[in-house]
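Take the sequence shown: its letter number 13 is residue 1286 in the working numbering, and every next letter is one higher. Reading through the structure tokens given below for one structure.
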Amino acid sequence: MTQAQELQPPQHQNPSGSKTPDTQYPVENLLRQRWSPLAFSDQAVETEKLCSVLEAASWAASSFNEQPWSFIIATKDNPTEFERLLNCLAQGNQEWAKNAPVLMLSVAKLYFERNGVENRHAFHDVGAAVANLAIQATALGLFIHQMAGFDVAKAREAYNIAEGYEPVAAIALGYIGDPKTLSERLVQRELAPRTRKPLEKFVFSGGWNQVSPLVIGQD
1274 MTQAQELQPP
1284 QHQNPSGSKT
1294 PDTQYPVENL
1304 LRQRWSPLAF
1314 SDQAVETEKL
1324 CSVLEAASWA
1334 ASSFNEQPWS
1344 FIIATKDNPT
1354 EFERLLNCLA
1364 QGNQEWAKNA
1374 PVLMLSVAKL
1384 YFERNGVENR
1394 HAFHDVGAAV
1404 ANLAIQATAL
1414 GLFIHQMAGF
1424 DVAKAREAYN
1434 IAEGYEPVAA
1444 IALGYIGDPK
1454 TLSERLVQRE
1464 LAPRTRKPLE
1474 KFVFSGGWNQ
1484 VSPLVIGQD
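In structure tokens form, the structure reads like this:
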């Protein structure tokens, strides 16, 4: 089997049903197909695919090409390391994230390597890297769920994260699972339709909160 064949997404139905939304304007299918499940399969993620999504993250744009992102990774192949990262999550996230085969922690470098000045774009750039990661994952039949709910101080201590670096988000990654494995409360979240604000709520021209004529009255 070639490397390209190994990286093909599996042909299986999404147990959670279709979550691909209708959009107001045409959008690339991978962007429409990306969503953040709570139910993950216990199927292991192939090393080649995991490296592929990380490679995609590395090609995000960043201020002065500083690439201020790092990723701490734990897989169920190493239960001790997996438990260490899992224990950094908020209890409510541990409930479902424990089923994912891969957990990650994104970390931002807060200063420019080139001159030591504060990089106020660091979080933006880490987010851009994870967006790349998410879309590459989607292309490979994988899903990610990013979490704000984790203990920053605990993560910093658990991984001895140096001064000048800041944990940004926790990430669960894996294949889609069966929502029947979730509690009733979480099943409702899992099956709820996806929604987004209309463009006129956030596209402005001429001044703050002045809706751009580009999006007024557009069907």
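Glycine included, every Cβ here is placed at the ideal spot set by N, Cα and C.
Please report how far the alpha carbon of residue i lies from the alpha carbon of residue j, in whole angstroms.
i: G1437; j: R1357; result: 22 Å
i: M1420; j: N1388; result: 32 Å
i: A1312; j: T1468; result: 19 Å
i: N1482; j: N1372; result: 42 Å
i: F1477; j: P1486; result: 8 Å
i: L1455; j: N1351; result: 24 Å
i: K1322; j: K1470; result: 32 Å
i: V1484; j: E1463; result: 33 Å
i: Q1278; j: V1318; result: Confidence in Q1278 is poor, its pLDDT being 43 and thus under 50, which makes the residue's placement unreliable; the coordinate value appears in the next sentence. Approximately 15 Å, taken between the alpha carbons.
i: V1375; j: V1488; result: 40 Å
Based on the DSSP output, what are the partners of residue i in its beta bridges?
i: F1313; result: I1449
i: W1342; result: A1381
i: F1416; result: G1447
i: F1236; result: Nothing in the structure corresponds to residue 1236, since the chain is present only between 1274 and 1492.
i: T1348; result: V1375
i: A1442; result: S1379
i: E1391; result: Y1384
Within the continuous alpha helix (DSSP H) that includes residue i, where are the two ends?
i: I1434; result: Careful: I1434 lies outside any alpha helix (DSSP H) and carries neither H nor E.
i: S1485; result: Where S1485 is concerned, there is no enclosing alpha helix (DSSP H), given that its DSSP letter is neither H nor E.
i: F1355; result: 1352-1359
i: R1458; result: 1457-1464
i: S1331; result: 1320-1331
i: N1372; result: That residue, N1372, is in no alpha helix (DSSP H); it is neither H nor E in DSSP.
i: H1304; result: The question names His, but residue 1304 is Leu in the sequence shown. It spans 1302-1306 - the alpha helix (DSSP H) in which L1304 sits, taken as one unbroken run.
Please classify residue i as buried or exposed, where buried requires at least 16 neighbouring CB atoms within 10 angstroms.
i: C1324; result: exposed
i: P1299; result: exposed
i: D1398; result: buried
i: T1320; result: exposed
i: F1416; result: buried
i: Q1409; result: buried
i: F1475; result: exposed
Between residue i and residue j, which are expected to be in contact by the criterion C-beta below 8 Å, what is the C-beta distance as a whole number of angstroms?
i: L1413; j: L1327; result: Between L1327 and L1413 the Cβ distance is about 12 Å, and since that is not below 8 Å, they are no contact.
i: V1441; j: V1380; result: 6 Å
i: L1362; j: A1465; result: With 8 Å as the limit, L1362 and A1465 do not qualify as a contact, their Cβ atoms being about 22 Å apart.
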